[in-house]
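Data first, discussion second: the structure below is written as structure tokens.
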Amino acid sequence: AKYIIYTDASSVKGGPIGGCLIAVSNGAQVRKFGTGVPRDLIQQNADGGVHINSLETLAAVFAMVEFRKEIENSSAVLFNDDNTALISLLKGCSKNPDSNKLAWAFWKFAGEANCTIWIERVNSADNPADILSREVTTIGHSEIFQQIRETKRAIML
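Under this note's numbering, the first residue of the sequence shown carries the number 216, and numbering increases by one thereafter.
If you want it as structure tokens, here you go:
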């Protein structure tokens with residue numbers, strides 16, 4: 216693989232997500248993000264909170280869009296520390312309707328980038344995206360969230 220992608224999400228402070236792209240050739244961090252998530256993008260629980268598995272899956276989808284130029288016509292290994300999100304991504308589907316659409320969107324964006332993806336688990340303590348999902352460093356990204364929103368709407372399952 217040419218790149219390594221780490222993603223993570225946090226259930227605190229409204230559920231920010233984070234991720235970083237690392238070049239395998241020299242181990243250098245190429246790009247990173249840490250951003251809040253619009254409330255309408257993720258299915259909310261009865262108590263108004265969001266499920267961490269959906270946020271973790273969204274972080275992977277966001278990375279596919281955010282790092283598109285770098286990963287295009289390439290290969291990458293995506294690491295995440297949430298088992299349920301990893302299973303949804305590996306299978307390309309989920310029992311949770313929202314995570315199901317996000318898993319489909321992940322593979323749609325990976326396919327559009329012509330990027331071969333391997334998916335692996337990383338321990339939370341070893342995940343460099345962990346801190347990025349707790350300290351929002353990027354403001355904006357409305358165009359990326361809009362692209363994800365439109366893709367989710369277009370998926371009829």
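Using N, Cα and C, we set each Cβ at its ideal position, and we do this for glycine too.
Where residue i falls: helix, strand or coil (DSSP)
i    : result
A243 : coil
F321 : helix
N311 : coil
A328 : coil
F282 : coil
A238 : strand
I219 : strand
R368 : helix
V276 : helix
N342 : coil
E271 : helix
C-alpha gap between residue i and residue j, whole angstroms
i    : j    : result
E287 : S303 : 23 Å
S269 : F282 : 20 Å
R254 : A216 : 34 Å
T250 : H356 : 8 Å
I363 : M279 : 10 Å
N256 : G307 : For clarity, residue 256 is Leu in the given sequence; the question names Asn instead. Their Cα atoms are separated by approximately 19 Å.
E335 : D262 : 31 Å
A243 : Y218 : 10 Å
A291 : S225 : 23 Å
D220 : S339 : Here the sequence assigns Ile to residue 220, which means Asp is not the residue at that position. So the alpha carbons of these two residues sit roughly 14 Å apart.
A275 : L293 : 8 Å
Residue interval of the beta strand (DSSP E) (run including residue i)
i    : result
E335 : T331 to R336
A291 : S290 to N295
Chain C within 8 Å of residue i, Cβ atoms only
i    : result
I220 : Of the protein chains in the structure, only one exists, and it is not chain C.
Burial state of residue i, where buried means 16 or more other Cβ atoms lie within 10 Å
i    : result
W319 : buried
N373 : What the structure shows of the chain is the stretch from 216 to 372, and residue 373 is not part of that stretch, so it cannot be assessed.
D341 : exposed
A369 : exposed
N295 : buried
G264 : exposed
Identified DSSP bridge partners for residue i
i    : result
I232 : A224 and T250
Q259 : V265
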